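For the sequence shown, position 54 matches number 54 in full-length UniProt numbering, and the numbering has no gaps at all.
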Amino acid sequence: MVLFHGTATRFTASIFDKGLIKKNRQHVHLSATRSTATSVGQRHGKPVVLQINSEQMHKKGYEFYLSKNAVWLTDHVPVQYISEAD
């Protein structure tokens with residue numbers, strides 16, 4: 001399964017340097033669809049959608065949780081599992 005993360009273009013350099021980190025949130029928020037991720041990214045500026053190789057992450061032992069409002073949650077997404085969505 002592939003998940004998506006929507007963000008603003010201005011944050012991508014930091015994300016590709018450090019990965020997705022939760023900062024002051026309890027979890028990193030991920031979307032099941034590209035369209036939802038785009039909507040989230042638009043809230044912060046010019047949107048960019050990142051593709052998360054969640055299947056590989058899960059195989060390596062990373063845990064994911066599905067919230068009641070259909071947001072996928074995890075503690076951290078390392079850089080090697082992140083790419084720009086096509």
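Glycine residues also receive a C-beta, built at the ideal position from the N, C-alpha and C atoms.
Treat the numbers as computed from the prediction; the structure is a model and nothing was measured.
Going by the C-beta, is residue i closer than 7 angstroms to any heavy atom of the ligand ADP?
{"i": "residue 19", "result": "The ligand ADP is not among the ligands present in this structure, which contains no ligands whatsoever."}
If you reduce the DSSP assignment to three classes, tell me which class residue i lands in.
{"i": "residue 62", "result": "coil"}
{"i": "residue 40", "result": "helix"}
{"i": "residue 51", "result": "strand"}
{"i": "residue 71", "result": "coil"}
With a 10 Å radius around its C-beta and 16 neighbouring C-beta atoms as the bar for buried, classify residue i as buried or exposed.
{"i": "residue 70", "result": "exposed"}
{"i": "residue 33", "result": "exposed"}
Based on the DSSP secondary-structure assignment, which residues constitute the bridge partners of residue i?
{"i": "residue 4", "result": "31, 51"}
{"i": "residue 77", "result": "20"}
Specify, as a first and last residue, the run of the alpha helix (DSSP H) that residue i falls within.
{"i": "residue 12", "result": "12-18"}
Report the rounded CA-to-CA distance for residue i versus residue j, giving the unit in angstroms.
{"i": "residue 85", "j": "residue 26", "result": "25 angstroms"}
{"i": "residue 6", "j": "residue 38", "result": "5 angstroms"}
{"i": "residue 42", "j": "residue 61", "result": "31 angstroms"}
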